[in-house]
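From first to last, the protein sequence lines stand for chains A and B.
For the first sequence, the positions run 1 to 86 when the numbering used here is used.
For the second sequence, the positions run 1001 to 1465 when the numbering used here is used.
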Amino acid sequence: MAIDRTLVDILEETADALSTFDFGKLNALEQRIVLLAESNTKVPRDGIGVALQRKRQLEIILKNCQINLDALNRLHARNMRNQWAQ
Amino acid sequence: MGTIASLMDIAQQALRANQEALNVTGNNVANQNTAGYTRQVVSFQTVDAVTLSGSTYGSGVTASATSQRDRVLEQQVQQQIQSQAQSGALESALQQIENVFGLSSTTSSASSTVLGTAIDSFFSSLSTLASNPSDTATRQSVLTAANTLAAAFNSSSNQLTQVSTSLNQQVIGDVSQVNSLTKTIASLNTQITALSPNADAGALEDQRQQAIAQLSKLVGLDQISTENNGITLTTSNGAVLVSGNQSFALSTTPVGGTTHILAGGQDVTSNLTGGDLGGVLQARDQQLPGYQSALDNLAFAVGTQVNQQNALGVDGNGSPGAALFSLPATSSDAAALIQVATADPNAVAAAATGQGSAGNTNASALANLASANIVNGQTASGFLASFFGRIGSDTAAAITNNSAQQATLTQLTTQRDSLSGVSLDQEASNLTQYQRAYQAASQVFNIANSIMASAINLGVQTTVT
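Structure, rendered in structure tokens:
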């Protein structure tokens, strides 16, 4: 499989796994991309367009996640404080 | 591999699913202390893939939130609320009755109560009179003890009437709350049917369940699920309270000194069970009349027997004895109406006929009534002890029953809350799971970034932003 195709697959699967918070799958994907990075295989310049699209989409999802998680952590901390105060 | 457009679709679906999951957790955490809130969980569904010209497109994901509700368990909780509210109301009413007679867990005997002391003191004063029948002060103390006894009967009877009046007011208050809640439930039925006829209506459903739970505290209910996610509610005896978007108000009317409940013009008082109303009606219509009647019997028997014995003797003026107590013709209301008929100390007929006014035989006979079986085959003190024993055992049984009902309710509520309630621990665990997933995905992103940076820069490591 071409490296650009592999990269796109990993990014797509990462977005899917993140959507369902599938931690096991995300760990497996992390191992796959670490191996890919360690192989030192170069991504052909002409095949990088789709991969960049997928990376950009994953980036948006991650930013969205970060905002939500920050809000949830604040909410959770506030409720814990309230509970202890009672 | 799909096209760029299909990839965008997948990404959008993923974003929405992710957002929904986080929103649900946020909502759960924010509503942790909201009464009646049912925890929501996210379920993910993979969108069916489409194959065109040998290529497969679309493998996105959608998320939907569903409330963790067990309708059977909800109904069990509501029925238990009805049973507990009834036993609680009965216990409360019986404790009020115990208070009327000064009964408590520390009361050692009937003779230590106000009424018991008054009976004992009255017969004791007659014994003293038998020892000194000519003494005016001793005669006066008999009248004083008689007045104290009559006042104790009057006061106990009046207080029982006040308990009944208070229970009547409770009925009126409960009915008013029932009508307000049934109106709310009918309105929620309308909204739920319009917005979510085939699925759980989330927050609206929570509000309806909470209104039904509040209604269950007031009256026994039967609940029937109808089409389009509607609910019909009837009282335990079948009177319709809510049907679809319509509510049917209960009303009250006074009948013979008690407040009766009408549904659609029909008197449903005698058949209502469950909830606060069930307990109040049980106390008012079943327990209280029995206690009032026993008190009346005691007052009537003591008054009648004393009057009859007094009539057999000769008073301090040398005349035949007259009635010491004025009483109604029958025992009905005797405790409320008993009065001492005279203010003349000489009216007590201490002497027997032929003894002269200084005799004491009839005073002894009057005193001996204390040990005579004058009320339902028992002495006055014995009857009072049995009567108080009955109130005590009824109250103790009500307390025991209420404790058991409360324990069952707690158990069912815990069971329901473990399913439907928000646990901060659970939500914290969800948050951790999300956090870890986010970190793992970030790691994938960072490595992909490095790989692509190498490609774009022909092997020179840099960062693509």
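By construction, the Cβ of each residue, glycine as well, lies at the ideal position given by its N, Cα and C atoms.
Computed from a predicted model, the values in this text were never measured in an experiment.
Item	Value
Whole-angstrom C-beta distance between B/N1158 and B/A1301, which should lie under 8 Å	Actually they are not in contact, since the Cβ atoms of B/A1301 and B/N1158 sit about 20 Å apart, beyond 8 Å.
Identity of the residues DSSP links to B/G1313 by a beta bridge	B/A1352
Contacting residues, own chain, Cβ-Cβ under 8 Å from B/T1193 (five flanking each side not counted)	N1228, N1229, G1230, G1244 and N1245
Alpha-carbon spacing of A/F21 relative to A/L62, whole angstroms	12 Å
Beta-carbon proximity list for B/Q1096, same chain, < 7 Å, skipping 5 on both sides	V1163
Endpoints, alpha helix (DSSP H) assigned at A/G24	F23 to E38
Proximity test, Cβ basis, 8 Å: B/A1437 and chain A	yes
Cutoff 8 Å: A/L35 Cβ touching any chain B Cβ	no
Whole beta strand (DSSP E) elements within the region 1216 to 1287 of chain B, 3-residue minimum	1221 to 1226, 1230 to 1235, 1240 to 1243, 1250 to 1255 and 1258 to 1263
Beta-bridge partners of B/S1043, as assigned by DSSP	B/S1064
CB of B/V1314 within 8 Å of CB of B/L1366, strictly	no
Local conformation of A/V43 per DSSP, three classes	coil
Boundaries (first-last residue) of the alpha helix (DSSP H) holding B/Q1076	R1071 to V1100
Beta-bridge partners of B/Q1032, as assigned by DSSP	B/Q1032 pairs with nothing; no bridge assigned.
C-beta neighbour in chain B for A/K63, strict 8 Å	no
Cutoff 8 Å: A/A51 Cβ touching any chain B Cβ	yes
Opposing strand residues paired with B/Q1339 [DSSP bridges]	B/S1326
CA nearest to the CA of A/L35, picked from A/N73, A/L69, A/D70 and A/I3	A/I3
Interface residues of chain A facing B/Y1434 [CB-CB closer than 7 Å]	F21 and L69
Same chain, Cβ closer than 6 Å to B/S1083, five either side skipped, listed in chain order	Q1405
Inter-residue spacing [alpha-carbon to alpha-carbon] between B/T1003 and A/I60	Residue placement at B/T1003 is poorly supported in this model, since its pLDDT is 49, which falls under 50; the coordinates still yield a value, given next. Spanning the two alpha carbons is a distance of roughly 19 Å.
CB contact flag (B/L1094, B/Q1287, <8 Å)	yes
C-beta neighbour in chain A for B/D1385, strict 8 Å	For the record, residue 1385 of chain B in the displayed sequence is Ala; it is not Asp. No, no contact with chain A.
Unbroken alpha helix (DSSP H) run spanning B/D963, endpoints	This structure cannot speak to residue 963 of chain B, because chain B is shown only from 1001 to 1465.
Cβ-heavy atom distance, B/Q1426 to the ligand COA, below 7 Å	The ligand COA is absent from the structure shown, which contains no ligands of any kind.
Exposure of B/G1116, with buried meaning 16 or more beta-carbon neighbours within 10 Å	buried
DSSP three-state assignment for B/P1320, whether helix, strand or coil	strand
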